[in-house]
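Numbering (the working numbering), first residue to last: 1 to 83.
Just so it is clear, CB atoms sit at the ideal spot from N, CA and C, and this is done for glycine as well.
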Amino acid sequence: MKTPEDIDGMMRMMLELASEVWVLRDRFSVLEALLAERGTLSAADLDAYQPGADLAQHLDGERAAFVRRLLDAGAGRVELGTT
Numbered sequence: 001m002k003t004p005e006d007i008d009g010m011m012r013m014m015l016e017l018a019s020e021v022w023v024l025r026d027r028f029s030v031l032e033a034l035l036a037e038r039g040t041l042s043a044a045d046l047d048a049y050q051p052g053a054d055l056a057q058h059l060d061g062e063r064a065a066f067v068r069r070l071l072d073a074g075a076g077r078v079e080l081g082t083t
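#1: Determine, using beta carbons only, whether Met13 and Gly74 come nearer to each other than 8 Å.
#2: Whole alpha helix (DSSP H) runs in the segment 35-75 with 4 or more residues, listed along the chain?
#3: Check this for me: beta carbons of Glu16 and Arg69, under 8 Å apart or not?
#4: Output the distance between the C-alpha atoms of Asp54 and Pro4, rounded to the nearest integer angstrom.
#5: Using the three-state DSSP reduction, which class does Arg27 fall into: helix, strand or coil?
#6: Where does Arg12 sit, in a helix, a strand or coil, going by DSSP?
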């Protein structure tokens, strides 16, 4: 059975994840609209893009940091919005 602390940790993780997702959705929508308005890049271009080795490595590091923030939030090691 889960303790109240476990449930609190899960809620912190969920809220941290929800805040990250919303920021990304908001910024991505703005970026995509600006690029399309200026004729710079289409949604199809974004869908077809394959990152090079340097960007792939950077994304791997960002993903690891993101997962670490979620797990830290779940364990109560960080306050929401401070990372």
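Judging by the given coordinates:
#1: Reading the sequence shown from its first residue, position 13 is the one you call residue 13. Reading the sequence shown from its first residue, position 74 is the one you call residue 74. Cβ distance < 8 Å, so Met13 and Gly74 count as in contact.
#2: 43-48, 53-74
#3: Working through the sequence shown from its first residue, we reach residue 16 at position 16. Working through the sequence shown from its first residue, we reach residue 69 at position 69. Yes, the Cβ-Cβ distance between Glu16 and Arg69 is below 8 Å.
#4: Your numbering for residue 54 matches position 54 in the sequence shown. Your numbering for residue 4 matches position 4 in the sequence shown. Straight-line Cα distance between these residues: approximately 43 Å.
#5: Counted from its first residue, the sequence shown places residue 27 at position 27. If DSSP states are grouped into helix, strand and coil, Arg27 belongs with the helices.
#6: Within the sequence shown, residue 12 is the residue found at index 12, counting from 1. Reduced to three states, the DSSP call for Arg12 is helix.
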